[in-house]
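If you read the protein sequences in the order shown, they are chains A and B. Letter by letter, the first sequence follows residues 24 to 511 of the working numbering. Letter by letter, the second sequence follows residues 2 to 495 of the working numbering. Note that CB positions come from ideal geometry on N, CA and C, so glycine has one too. To start, the structure itself, in C-alpha cells.
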Amino acid sequence: MLTPEQAILASMVVPSAGAILISLAGRTPNLREAITLVTAALLLAVVLTLLPLVMAGGRPSLVLFSLLPGLDIAFQVEPLGMLFALIASGLWIVNSLYSIGYMRGNNEANQTRFFVCFAVALAATMGIAFSGNLLTLFIFYEVLTLSTYPLVTHHGTDKARDGGRVYLGLLLSTSTVLLLPALVFIWFIAGSTDFTVGGILADKLKPGELALLLGLCVFGIGKAALMPFHRWLPAAMVAPTPVSALLHAVAVVKAGVFSVVKVMVYVFGVDTLATAGATNWLVAVAGFTIVAASVVALSADNLKRRLAYSTISQLSYVTMAAALLAPLSLVGAVMHIAAHAVGKITLFFAAGAIYTAAHKTEVSQLDGIGRRMPWTMGAFAIAALSMIGLPPAAGFISKWYMVSGAMASQHWLAVTVIVLSTLLNAGYFLPIIYRAFFVTPPADAHDHPHGEAPLLMVIALTATATATVMLFFFPDVPLTLARQMLNP
Amino acid sequence: MNLATHLPALQVVVPLIAAPLTVLLRRRSVAFGLALVASWLTLAISLLLWWQVASTGTISYAIGSWPAPWGIEYRVDRLNSFLLVLVSGIAALVLPFSHSSIESEVPAQQHYLFYTMFVLCLAGLLGIAITGDAFNIFVFLEVSSLSAYVLIALGRDRRALFAAYQYLLMGSIGATFLVIGIGLLYLMTGTLNLADMGHRLASVQGTRPVLAALAFITVGVSLKLALFPLHQWLPNAYTFAPSAVSAFLAATATKVAVYVLLRFYFTVFGESAVFAKLPMQQMMLLLALAGMFAASTIAIFQTDLKRLFAYSSVAQIGYIILGLSFNSASGLTASIVHLFNHGVTKGAIFMLLGCVALGVGGTTLARVQGLGKRMPLVSFGIVVGGLSLMGVPGTAGFISKWYLLLAALEQGQWWLVFMIVVSSLLAAVYVWRFVEVAYFRAPRGDTANVVATPWLMSLPTAVLVIATVYFGLDTSFTIGTASDAAAALLGGQR
Numbered sequence: 024m025l026t027p028e029q030a031i032l033a034s035m036v037v038p039s040a041g042a043i044l045i046s047l048a049g050r051t052p053n054l055r056e057a058i059t060l061v062t063a064a065l066l067l068a069v070v071l072t073l074l075p076l077v078m079a080g081g082r083p084s085l086v087l088f089s090l091l092p093g094l095d096i097a098f099q100v101e102p103l104g105m106l107f108a109l110i111a112s113g114l115w116i117v118n119s120l121y122s123i124g125y126m127r128g129n130n131e132a133n134q135t136r137f138f139v140c141f142a143v144a145l146a147a148t149m150g151i152a153f154s155g156n157l158l159t160l161f162i163f164y165e166v167l168t169l170s171t172y173p174l175v176t177h178h179g180t181d182k183a184r185d186g187g188r189v190y191l192g193l194l195l196s197t198s199t200v201l202l203l204p205a206l207v208f209i210w211f212i213a214g215s216t217d218f219t220v221g222g223i224l225a226d227k228l229k230p231g232e233l234a235l236l237l238g239l240c241v242f243g244i245g246k247a248a249l250m251p252f253h254r255w256l257p258a259a260m261v262a263p264t265p266v267s268a269l270l271h272a273v274a275v276v277k278a279g280v281f282s283v284v285k286v287m288v289y290v291f292g293v294d295t296l297a298t299a300g301a302t303n304w305l306v307a308v309a310g311f312t313i314v315a316a317s318v319v320a321l322s323a324d325n326l327k328r329r330l331a332y333s334t335i336s337q338l339s340y341v342t343m344a345a346a347l348l349a350p351l352s353l354v355g356a357v358m359h360i361a362a363h364a365v366g367k368i369t370l371f372f373a374a375g376a377i378y379t380a381a382h383k384t385e386v387s388q389l390d391g392i393g394r395r396m397p398w399t400m401g402a403f404a405i406a407a408l409s410m411i412g413l414p415p416a417a418g419f420i421s422k423w424y425m426v427s428g429a430m431a432s433q434h435w436l437a438v439t440v441i442v443l444s445t446l447l448n449a450g451y452f453l454p455i456i457y458r459a460f461f462v463t464p465p466a467d468a469h470d471h472p473h474g475e476a477p478l479l480m481v482i483a484l485t486a487t488a489t490a491t492v493m494l495f496f497f498p499d500v501p502l503t504l505a506r507q508m509l510n511p
Numbered sequence: 002m003n004l005a006t007h008l009p010a011l012q013v014v015v016p017l018i019a020a021p022l023t024v025l026l027r028r029r030s031v032a033f034g035l036a037l038v039a040s041w042l043t044l045a046i047s048l049l050l051w052w053q054v055a056s057t058g059t060i061s062y063a064i065g066s067w068p069a070p071w072g073i074e075y076r077v078d079r080l081n082s083f084l085l086v087l088v089s090g091i092a093a094l095v096l097p098f099s100h101s102s103i104e105s106e107v108p109a110q111q112h113y114l115f116y117t118m119f120v121l122c123l124a125g126l127l128g129i130a131i132t133g134d135a136f137n138i139f140v141f142l143e144v145s146s147l148s149a150y151v152l153i154a155l156g157r158d159r160r161a162l163f164a165a166y167q168y169l170l171m172g173s174i175g176a177t178f179l180v181i182g183i184g185l186l187y188l189m190t191g192t193l194n195l196a197d198m199g200h201r202l203a204s205v206q207g208t209r210p211v212l213a214a215l216a217f218i219t220v221g222v223s224l225k226l227a228l229f230p231l232h233q234w235l236p237n238a239y240t241f242a243p244s245a246v247s248a249f250l251a252a253t254a255t256k257v258a259v260y261v262l263l264r265f266y267f268t269v270f271g272e273s274a275v276f277a278k279l280p281m282q283q284m285m286l287l288l289a290l291a292g293m294f295a296a297s298t299i300a301i302f303q304t305d306l307k308r309l310f311a312y313s314s315v316a317q318i319g320y321i322i323l324g325l326s327f328n329s330a331s332g333l334t335a336s337i338v339h340l341f342n343h344g345v346t347k348g349a350i351f352m353l354l355g356c357v358a359l360g361v362g363g364t365t366l367a368r369v370q371g372l373g374k375r376m377p378l379v380s381f382g383i384v385v386g387g388l389s390l391m392g393v394p395g396t397a398g399f400i401s402k403w404y405l406l407l408a409a410l411e412q413g414q415w416w417l418v419f420m421i422v423v424s425s426l427l428a429a430v431y432v433w434r435f436v437e438v439a440y441f442r443a444p445r446g447d448t449a450n451v452v453a454t455p456w457l458m459s460l461p462t463a464v465l466v467i468a469t470v471y472f473g474l475d476t477s478f479t480i481g482t483a484s485d486a487a488a489a490l491l492g493g494q495r
C-alpha cells in the first residue's frame, strides 16, 4: 500500500511515466490507447487512496527538494486540492475513452503526440492540485500552459497556429507579467510562499496594497478567464473537442479558479481580505464577466464558441463567490468547481459527438437532431440544466449556496448578477434543447442520414451526465471538503 | 614537485602548450587528439580549483615564485573559479563537437589551425579569468581576441572574413581603451597587481586620472562584452563563424569580459567609488534596458537563426549588466549566476544550430521549415533552450530571472520589475518564431535527406541541453558559488 507521501509523488510520476510509455508505443495504437486508460485508472486509484485521510482531517505533505535557499518544491494535500485532483483524475478516464472514440472517428493525425501531451498535462494538473506553496503551483501552472499548447494547436493549420498564439500569448503574458512579480513580492515581504491556513500576509500590507497584490494574482492567473484576459478560451476552441472537453472544461480552467481560491484562502487569508475589504473590486469585475460572457454566448452560433463563453461566465461564478468571502458562498464556489466540471465536460462531449456523427458545428444546424442522437442530446439537456442551476442537476446545489452566501452578506449586486445570468443561461441553452427535440429539421439536400455518435463517445457522455445527476443526490464529498477548507 | 600547488599555473599552461604542439603536429587526428586531451585536462584542473577554493578559500599563486606585487600573481577566488569551470566545461564539450562540425564548414587543410586557435583562445580566456595582474589581463585578452578573430574568419561564408575584420577593429579599440585605462591606473598607483591596486587607489580616489581610467576601462570592456550600443560586431561574428566557434564564443567570450568589468569595479575601484562618483548605476541601467528591448526586438525580425540568437545574446547580456547596476547582493548574484546559466543555454543553442546546419544545410528560417519532423530531437532541444531564454521555470534562465526580480523588488523599483518581465515576453516572441516555422510548416522537399548527426556532435549537445534543465532545478552549485562571490565582491574582499 502507498504511504500518503508516496501517493503524492505517484500522482505526478504515474502520468509522466505513462507519457513516456505512450510515446514508445506510438506504432501500436491499441497498446498505446490501453496504456492511456491504464495510466488514467492508476492515477485515480492513487488519488483515491488519499481521500479517506483528507476527509478525516489529515494533511499529508512532501518536500521534494530545495530550488533556491529557502524556496522548496513542496506538496501538501488539503481539501480543495483533494477535490481538484479527484475531479481531474476521475474525468481523465472518461475523457480518454471519449478521445479514443473521437480521434479514431475523425481519423485524426498525430494521435501519439496528442495522448502524450494529455498525460503530461494531467501530471502538471496533479502538481498544481497538490502544490504546497505558491512557487510550486507557479511552476506546474507554467508546465500546464506549455504542455497544452501542442494540444490546442493539434491540427497544425494556420487557424490552429493563430489560435495557439492567442492562447499562449495571453496565458504566458499574464503569468509572466502579473503573477511572477506577485510571487517574488510575496516571497520578499512574507519570507515564504507556503500555503498556510489563515494566509501569510496578515499585517504585512496596507489594505490598498493588499487589493493591488490580489489584483496582480487574480489577473495573473489567466486560466481563470477573468475579463479582459479571457480571449484565450474561445481562441483555444480551435483544438479537437476532447482537448476542449477535459482541458478547457476541467483541467486548465479549473486550475485557474482553483489557484484563485487557493491564493485567496491560503496566501492572503479570508479574514485578512475581509478586514481590508480587498475583494470588493473583484466581485464587480467577476460579476461583469459573468454577465458579459453570457451576453456574448447568446449571440454565438458556433456551438463550441457558445460553450466557451458559457465557461468564462461559469468560471467567474467561482471567482465572484470566493470574492464575497462569505462562508456559504465559499462552499458554493468549491462545489461549483465540481459541478461545473462534470456539466461542462458533458456539453463538450456532446458538441464533439454532434461534429463526429453529423459534421455540424453551428447551433442553427441542430434542429431535430435530438431524434437522431437521443443519448447525446439527452446528456446535453441534463448538463444544460446544471449550467442553468436547476434540479436534479449538480449546478443547482452550488448555485443555491452561492445565492445564499450573497444574500447572507447582503451583497445585492451579486444576487442580481446570479439571477440575471441564470436567465441568460436559460436563454442560450433551452432553445438548443427545444429545437433539438421538438422542431423538425428542414428538408436539406446536404443532410446526410446519420445516427448516434460512436459508442465510446456515447458511453463517456452518458457517464458524465449521470455524474451530474449523482452529484445532485450525493454531494457529500465536495461539500465536506469545502466545509473542511473553511473550518480547518 | 607537488602538482596540486601548481594547478593555477597549469590551468593556463596546459592549453597554452597544446597550441604550438598542434601546429607542429599537423595531422588532423593528432591535432584533434591533443586539443581534446588538453581541454579535458583543463576542465579537470578547473573543477579541482573550484573545489579547493570552496573548501579552503582564495588561492594565491605567484608565477615563477616572484612574490606579488612585483611578480605576476594568479588569484583564484569564488568568482573566477566559477568562471573557469564554465569556460573549460564549454570548451571540453565544444571540442569533440567541433571535430564533426568543421568537416563541412572548414576546409580540411585548415583543421589543425582550427584546433590550434581553439586551444589558444581557451588559454587566453582562462588566463583573463585567473590572473591577478592588470597588464596580464590585457595580454591574455589580446591572445584570446586574436585567436577568436582567426577562428571566426575560418567560416565558409565569405562574409566571415568581414565579420572577423569588424570584430578585429572594434576589439582592438576596446583593448586599446582597456590598456589606456590600465596605464592610467599604473601611473596613479605604481602597481599592476589588482589587489594591491585596490589598496593603493583608496588614497587617490576621485582624482581625474582615476576617473578617466574608470571611464576608459568601462568603455573598453563594454566593447568586448557587447553592451548595447557597442555590440555591432557580435551579430556578424556569431552568424558567419563556424558553428563550433559560435557555440564556444557565445558561451564564453562575453562572459569573461563581464568578469573583467566585475573585477575592476569591485576589487580595484571598490563599489563606492564606481557608483558614487560617476552616474554608473543609471548609465548601466539605461544601457542594459536599451539592450534588452532593442536587441530582443531586432531578434524577432531576423530570418537566420544564428543571427536571431546572436541578438538574443546581446539582450541577455543586458540582463547581466542590469543585475550589476543594482549594486546589491541579489543583483550581483543574478549577474554572476546568469553568466553561467546563459553560457550553458547559449552554448546548447548554438551547438544545436550546428547540428541543424549539418543536417539541413543551413540555419535560415526558410531552411528549417518543418524541422520538427526532420530533426525532432534537435528541434525539441532548441525549444528547451528557448524556454531557458524566456525564463520558464524548470530551466536555468528562471533562476537568473528570479534573482533579478528580487533585486528590483528589494529596491522598490516596480517599473523595473515590469520592464524585466515584459522583455522576457519579447524573448518568447522570437523563440516562438522558430517553433512556428519548425512545427507548423511542411518540411521542404530539398531537406528530405537529413544528414544524421554524428554522436560526437549529438552527445555534447545533449549534455548541454540537459544541463540547461539541470541547473534550473539543482542550483546548489550555481547559486551557492554566485552568492558567495557576490558577497565577497560587495564586501570589498581583495
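**Request:** Run down chain A in chain order and give the residues with a C-beta less than 7 Å from the C-beta of P394(B).
**Result:** Looking up residue 394(B) in the second sequence gives position 393. Those are F161, I162, E165, listed as they occur along chain A.
**Request:** Step through the CB atoms of chain A and report whether any lies within less than 9 Å of the CB of D475(B).
**Result:** Against the second sequence, residue 475(B) aligns to sequence position 474. Taking Cβ atoms only, chain A reaches closer than 9 Å to D475(B), which makes this a yes.
**Request:** Less than 8 Å between the CB atoms is what I'm expecting for A176(B) and E143(B), so what's the real figure, rounded?
**Result:** Taking the second sequence and counting its residues from 1, one reaches residue 176(B) at position 175. Taking the second sequence and counting its residues from 1, one reaches residue 143(B) at position 142. Confirmed, about 6 Å.
**Request:** Would you mind sorting Y116(B) into buried or exposed? The rule is 16 or more other CB atoms within 10 Å of its CB.
**Result:** In the second sequence, counting from the first residue as 1, residue 116(B) sits at position 115. Looking at its Cβ environment, which holds 16 or more other Cβ atoms inside 10 Å, Y116(B) is buried.
**Members of the region 418-441 of chain B that neighbour chain A once the beta carbon cut-off is set at 7 Å** = V418, F419, V422, V423, S425, L426, A429, E437, F441
**Message:** Under 8 Å, with one C-beta from each stretch per pair, do the region 21-37 of chain B and the region 129-143 of chain B reach the 3-pair mark?
**Reply:** no
**Request:** Would you check if the distance between the CB atom of V189(A) and the CB atom of S170(A) is smaller than 9 Å?
**Result:** The sequence position of residue 189(A) within the first sequence is 166, counting from 1. The sequence position of residue 170(A) within the first sequence is 147, counting from 1. No, Cβ-Cβ distance for V189(A) and S170(A) is not below 9 Å.
**Prompt:** By DSSP, does L202(A) sit in helix, in strand, or in coil?
**Reply:** For this step, residue 202(A) is matched to residue 179 along the first sequence. Three-state DSSP puts L202(A) in a helix.
**Spatially closest choice to N231(A) from L47(A), A301(A), P454(A), by CA coordinates** = Counted from its first residue, the first sequence places residue 231(A) at position 208. The identity of residue 231(A) in the sequence shown is Gly, whereas the question assumes Asn. Comparing Cα positions, the closest option is A301(A).
**Bounding residues of the beta strand (DSSP E) (the contiguous stretch that carries L85(A))** = Position 62 of the first sequence, counted from the start, is the residue given in the question as residue 85(A). Here the beta strand (DSSP E) through L85(A) covers 84-91.
**Asked** Going along the chain, which residues of its own chain have a beta-carbon closer than 8 Å to the beta-carbon of S432(A), five neighbours each way excluded?
**Response** Start at 1 with the first residue of the first sequence, and residue 432(A) comes out as number 409. Around S432(A): L347, L348, A349, S352.
**Prompt:** Among all the DSSP beta bridges, which residues are the ones paired with N325(A)?
**Reply:** The sequence position of residue 325(A) within the first sequence is 302, counting from 1. Paired residues: E385(A).
**Asked** Taking 9 Å as the CB-CB limit, is S282(A) close to chain B?
**Response** On the first sequence, residue 282(A) is found 259 positions in, with the first residue counted as 1. So no, S282(A) is outside the interface.
**Message:** According to DSSP, I521(A) sits in a beta bridge with which residue or residues?
**Reply:** Look at the range of chain A in this structure, 24 to 511, and you will see that residue 521(A) is not part of it.
**Prompt:** Could you give the residue range of the beta strand (DSSP E) that holds F399(B)?
**Reply:** Here residue 399(B) refers to the residue found at position 398 when the second sequence is read from its first residue. It is not in any beta strand (DSSP E) - F399(B) instead sits in the alpha helix (DSSP H) that spans 397-411.
**Message:** In whole angstroms, give me the CA-to-CA distance for L94(B) and A320(A).
**Reply:** For the purposes of this step, residue 94(B) is taken as the residue at position 93 of the second sequence. For the purposes of this step, residue 320(A) is taken as the residue at position 297 of the first sequence. Rounded to the nearest angstrom, the two C-alpha atoms are 57 Å apart.
**Asked** Counting Cβ pairs, one atom from each stretch, are 3 or more of them under 8 Å apart for the region 119-135 of chain A and the region 147-154 of chain A?
**Response** no
**Prompt:** How far does the beta strand (DSSP E) with V77(B) in it reach, from first residue to last?
**Reply:** As a working mapping, residue 77(B) is identified with position 76 in the second sequence. That run of the beta strand (DSSP E) goes 74-77.
**Asked** Shortest alpha-carbon distance to F371(A) belongs to which of K285(A), R329(A), A361(A), A345(A)?
**Response** As a working note, residue 371(A) is residue 348 in the first sequence. Of the candidates K285(A), R329(A), A361(A), A345(A), the one whose C-alpha sits nearest the C-alpha of F371(A) is R329(A).
**Message:** Would you say T199(A) lies against chain B (beta-carbon separation less than 9 Å)?
**Reply:** Here the question's residue 199(A) lines up with position 176 in the first sequence. At least one chain B Cβ lies under 9 Å of T199(A).
**Message:** Quick check: L193(B) and P70(B), are their CB atoms within less than 9 Å of each other?
**Reply:** If you number the second sequence from 1, residue 193(B) lands on position 192. If you number the second sequence from 1, residue 70(B) lands on position 69. Cβ atoms of L193(B) and P70(B): closer than 9 Å.
**Request:** Would you identify the three-state DSSP class for L94(A), choosing helix, strand or coil?
**Result:** What you label residue 94(A) is simply residue 71 of the first sequence in a count that begins at 1. It is a strand residue.
**Prompt:** From the beta carbon of L366(B), is the nearest beta carbon of chain A less than 9 Å away?
**Reply:** The residue given as residue 366(B) occupies position 365 in the second sequence. Not closer than 9 Å to any Cβ of chain A, the Cβ of L366(B) fails to qualify, so no.
**Request:** With I64(B) as the anchor, note down where its beta strand (DSSP E) starts and where it stops.
**Result:** In the second sequence, the residue the question calls residue 64(B) occupies position 63. Per DSSP, I64(B) belongs to no beta strand (DSSP E) and is neither H nor E.
**Asked** Over what stretch of residues does the alpha helix (DSSP H) that includes R506(A) continue unbroken?
**Response** By one-based count along the first sequence, residue 506(A) stands at place 483. Per DSSP, R506(A) belongs to the alpha helix (DSSP H) from 499-509.
**Asked** If you draw a straight line from the alpha carbon of L406(B) to that of L203(A), how long is it in whole angstroms?
**Response** Here residue 406(B) is taken as the residue at index 405 of the second sequence, counted from 1. Here residue 203(A) is taken as the residue at index 180 of the first sequence, counted from 1. The alpha-carbon atoms of L406(B) and L203(A) are separated by roughly 9 Å.
**Message:** Counting beta carbon pairs with one atom in the region 237-246 of chain B and one in the region 304-316 of chain B, are three or more of them shorter than 8 Å?
**Reply:** yes
**Message:** With a threshold of 9 Å between beta carbons, is T176(A) in contact with chain B?
**Reply:** As a working mapping, residue 176(A) is identified with position 153 in the first sequence. At least one chain B Cβ lies under 9 Å of T176(A).
**Request:** Could you tell me which uninterrupted alpha helix (DSSP H) segments, each at least 4 residues in length, are contained entirely in the region 355-424 of chain A, listed from first to last along the chain?
**Result:** 392-395, 397-411
**Prompt:** Across which residues does DSSP place Q99(A) in a beta bridge pair?
**Reply:** Numbered from its first residue, the first sequence carries residue 99(A) at position 76. Beta-bridge pairing links Q99(A) to S84(A).
**Prompt:** Applying a beta-carbon distance threshold of less than 7 Å, which residues of chain B neighbour P265(A)?
**Reply:** In the first sequence, counting from the first residue as 1, residue 265(A) sits at position 242. Per Cβ cutoff of 7 Å: no residues; P265(A) is ~20 Å from chain B at best.
**For A196(B), the nearest candidate out of Y168(B), F267(B), F139(B), G382(B) (CA to CA)** = Stepping through the second sequence from its first residue, residue 196(B) is reached at position 195. It is F267(B) whose Cα lies nearest to the Cα of A196(B).
**Prompt:** Does the Cβ of I151(A) lie closer than 8 Å to at least one heavy atom of the ligand ADP?
**Reply:** Questions concerning the ligand ADP fall outside what the structure shown contains, since it holds no ligand whatsoever.
**Prompt:** Do you know offhand how far P511(A)'s Cα is from G80(A)'s?
**Reply:** Locating residue 511(A) in the first sequence gives position 488, where the first residue counts as 1. Locating residue 80(A) in the first sequence gives position 57, where the first residue counts as 1. Between P511(A) and G80(A), the C-alpha separation is close to 8 Å.
**Prompt:** On the three-state DSSP scale, how would you describe N156(A)?
**Reply:** For the purposes of this step, residue 156(A) is identified with residue 133 of the first sequence, where counting begins at 1. It is a strand residue.
**Request:** Could you tell me whether the Cβ of S154(A) comes closer than 9 Å to any Cβ of chain B?
**Result:** What you label residue 154(A) is simply residue 131 of the first sequence in a count that begins at 1. Cβ-Cβ to chain B under 9 Å: no for S154(A).
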